[in-house]
Amino acid sequence: MRVEDFLAACQGHEGSNGTRTMEVDGRALHFRLPTIEDLEAVDESLSYADAQTQLLRACVHDIDLAQVTQLNEPLLAEMARLDPLAEPRLALTCEACGHAFTLAFDVAAFLWREIEGWVARLMGDVHIIASAYGWSEREILSLSPTRRQVYLDLICA
Ligand SMILES: [Zn+2]
Numbered sequence: 159m160r161v162e163d164f165l166a167a168c169q170g171h172e173g174s175n176g177t178r179t180m181e182v183d184g185r186a187l188h189f190r191l192p193t194i195e196d197l198e199a200v201d202e203s204l205s206y207a208d209a210q211t212q213l214l215r216a217c218v219h220d221i222d223l224a225q226v227t228q229l230n231e232p233l234l235a236e237m238a239r240l241d242p243l244a245e246p247r248l249a250l251t252c253e254a255c256g257h258a259f260t261l262a263f264d265v266a267a268f269l270w271r272e273i274e275g276w277v278a279r280l281m282g283d284v285h286i287i288a289s290a291y292g293w294s295e296r297e298i299l300s301l302s303p304t305r306r307q308v309y310l311d312l313i314c315a
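Residue numbering for the sequence shown follows the numbering used here, starting at 159 and increasing by one per position.
Shown next as structure tokens:
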């Protein structure tokens, strides 16, 4: 899976700037898309529903809180449509049975797992080289990845 594929699927969307308009019961509702700053400003002690209301209240320009609560679902659906990368979803099909489904893709969690995997591999490499040569962790980490791999290949040969 490549970043380019993600971006290509979202062409025509202009990101999160600017005021948007959505018609609700014959009335124009003005809002903007949530930003990272909006997410950070949400009170973490709130329930999920109350946090959602606080977030929408920050983004809707011209209606009061009671109406925001009523409009949560259509407004969230419209926000997701306008900014598909805010909550990326993958369309998947099971190879065995052909069942099609979508899966939420948590970019931050994925990246964190990648980093944890990389750290675990690196520490494993340090362990192998230190066990064979008695070098310190600092000495081993100061080798370039290419040189580290050469020693690993020699040890495992
Ligand atoms: Zn299946």
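Idealized CB from N, CA, C, for every residue including glycine. No experiment lies behind these values; they were computed from the predicted model shown.
Pairwise C-alpha distance: residue j and residue i
i: Gln210; j: Ser294; result: 51 Å
i: Phe164; j: Gln307; result: 33 Å
i: Cys217; j: Ser289; result: 57 Å
i: Tyr206; j: Arg239; result: 21 Å
i: Leu299; j: Phe268; result: 25 Å
i: Cys255; j: Glu162; result: 29 Å
i: Val265; j: Ala235; result: 20 Å
i: Thr304; j: Glu297; result: 14 Å
i: Glu272; j: Arg215; result: 35 Å
i: Glu231; j: Trp270; result: 31 Å
i: Trp276; j: Ala244; result: 26 Å
i: Asp183; j: Asp201; result: 31 Å
i: Gly279; j: Ser302; result: Checking the displayed sequence, the identity of residue 279 turns out to be Arg instead of Gly. Cα to Cα, the separation comes out at about 15 Å.
i: Phe263; j: Asp220; result: 33 Å
i: Ser203; j: Asp196; result: 15 Å
i: Glu274; j: Thr179; result: 42 Å
i: Met281; j: His257; result: 40 Å
Spatially closest choice to residue i from the options, by CA coordinates
i: Arg160; options: Leu248, Asp201, Leu204, Thr193; result: Leu248
i: Thr177; options: Gly184, Arg190, Asp183, Ala166; result: Arg190
i: Glu291; options: His188, Asp220, Leu310, Asp183; result: Note that residue 291 is Tyr in the sequence shown, not Glu. The shortest C-alpha separation from Tyr291 is found at Leu310.
i: Cys252; options: Met237, Leu197, Leu261; result: Leu261
i: Asp241; options: His219, Ser302, Ser300, Thr193; result: Thr193
i: Glu181; options: Leu233, Val200, Asp208; result: Leu233
i: Leu312; options: Arg296, Asp283, Glu272; result: Asp283
i: Phe259; options: Leu250, Ala315, Asp220; result: Leu250
i: Glu198; options: Arg185, Leu213, Asp208, Glu236; result: Leu213
i: Ile286; options: Gly184, Ala315, Thr179, Gln228; result: Ala315
i: Met237; options: Arg271, Arg296, Leu187, Pro303; result: Leu187
i: Asp208; options: Ala166, Gln228, Ala278; result: Gln228
i: Ala166; options: Arg185, Leu204, Pro246; result: Pro246
For residue i, the residue or residues it bridges with in DSSP
i: Arg178; result: Phe189
i: Thr304; result: Looking at the DSSP assignment, Thr304 forms no beta bridge with any residue, so it has no partner.
i: Ala262; result: Arg247
i: Val218; result: Phe189
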